[in-house]
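K.L.:
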Ligand SMILES: Cc1cc2nc3c(=O)[nH]c(=O)nc-3n(C[C@H](O)[C@H](O)[C@H](O)COP(=O)(O)O)c2cc1C
């Protein structure tokens, strides 16, 4: 369905909606890179360099926007990690979506997984819900891959010595493996067997 060469690594673009030093969402992205980096090709989108989206400037030539489009086009799948700010996705994440929704609709047909971490109880459920809605909007038209939902609450309790503990993020790993299996069911790494 996605025309991926059997011998190639799956290419995943990480989109982290936080620029905070010590970001928990960045920690999760780093954990996935560490854990799966041997078998999956990861890149991370640079959201901090993007201008704030406005229709007035959407056709201007920004190197950061060009690079973003190249990175999305490169990816077989896009994994979005959003903080929850005031019951919705972060500004950085929304800015990413808006840039991807205009002039070039680079997320159209792209398999996506959404997750997010918070110190609180609800695991970014509202931010993720809004983000999934935006991914399905007419200018975006991404594919929200099923069985990849995971809401990471009380993130501070899942960390020891600055690292995520494997046994505290099992549902994250299951969701991520489901995501990869959807993109490349014959991935040859037998993710679903682990
Ligand atoms: C402006 C602001 C609003 C926030 N609103 C929420 C919220 O609605 N729900 C929530 O669970 N946490 C909220 N938080 C706490 C964030 O979940 C917390 O700062 C988290 O660490 C952000 O993710 P990061 O570590 O990746 O930056 C808010 C934080 C800020 C700074």
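In this note's numbering, the protein residues as written are 36 to 229. Yeah, the Cβ is synthetic: ideal placement off N, Cα and C, and Gly gets one too.
Using a threshold of 7 Å, is the CB atom of residue 86 nearer than that to any non-hydrogen atom of ligand 1?
P.N.:
Walking along the chain shown from the start, residue 86 turns up at place 51. Because no heavy atom of ligand 1 lies under 7 Å away, the Cβ of residue 86 does not count as near it: no.
K.L.:
Report yes if the CB atom of residue 151 is closer than 8 Å to the CB atom of residue 101, and no otherwise.
P.N.:
Within the chain shown, numbered from 1, the residue matching residue 151 stands at position 116. Within the chain shown, numbered from 1, the residue matching residue 101 stands at position 66. Not a contact, by the Cβ cut-off of 8 Å.
K.L.:
Which of the three DSSP states is assigned to residue 120 in this structure?
P.N.:
The residue given as residue 120 occupies position 85 in the chain shown. Strand, per DSSP.
K.L.:
Mapping DSSP to helix, strand and coil, what is residue 149?
P.N.:
By 1-based counting over the chain shown, the position of residue 149 is 114. DSSP places residue 149 in strand when its eight states are reduced to three.
K.L.:
Can you tell me which residues form a DSSP beta bridge with residue 75?
P.N.:
For this step, residue 75 is matched to residue 40 along the chain shown. Bridge partners of residue 75: 45.
K.L.:
I'd like to check one pair, residue 154 with residue 106: are the Cβ atoms closer than 8 Å?
P.N.:
Your numbering for residue 106 matches position 71 in the chain shown. Your numbering for residue 154 matches position 119 in the chain shown. In this structure, residue 154 does not lie closer than 8 Å to residue 106 by Cβ.
K.L.:
Closer than 6 Å by C-beta to residue 177: which residues in its own chain qualify, once you throw out the five before and the five after it? Chain order, please.
P.N.:
Taking the first residue of the chain shown as position 1, residue 177 is located at position 142. Counting only Cβ-Cβ distances below 6 Å, and skipping sequence neighbours, we find 142, 145, 147 and 170.
K.L.:
Residues in the same chain with beta-carbon distance under 7 Å from residue 267, minus the five sequence neighbours each way, listed in chain order, please.
P.N.:
Only positions 36 to 229 of the chain appear in the structure, and residue 267 is not among them; the question remains open.
K.L.:
For residue 160, report the span of its beta strand (DSSP E) as first-last.
P.N.:
Reading the chain shown from its first residue, position 125 is the one you call residue 160. First-last for residue 160: 160-170, but that is the alpha helix (DSSP H), not the beta strand (DSSP E).
K.L.:
For residue 168, is the beta carbon positioned less than 7 Å from some heavy atom of ligand 3?
P.N.:
Because ligand 3 does not appear in the structure shown, any question about it cannot be addressed here, the ligands present being ligand 1.
K.L.:
Considering only C-alpha positions, which residue in the set 128, 137 and 201 is nearest to residue 162?
P.N.:
Position 127 of the chain shown, counted from the first residue, corresponds to residue 162. Closest option to residue 162, Cα to Cα, is 128.
K.L.:
Taking 8 Å as the threshold (C-beta atoms), are residue 214 and residue 67 in contact?
P.N.:
By 1-based counting over the chain shown, the position of residue 67 is 32. By 1-based counting over the chain shown, the position of residue 214 is 179. No, they are not a contact pair.
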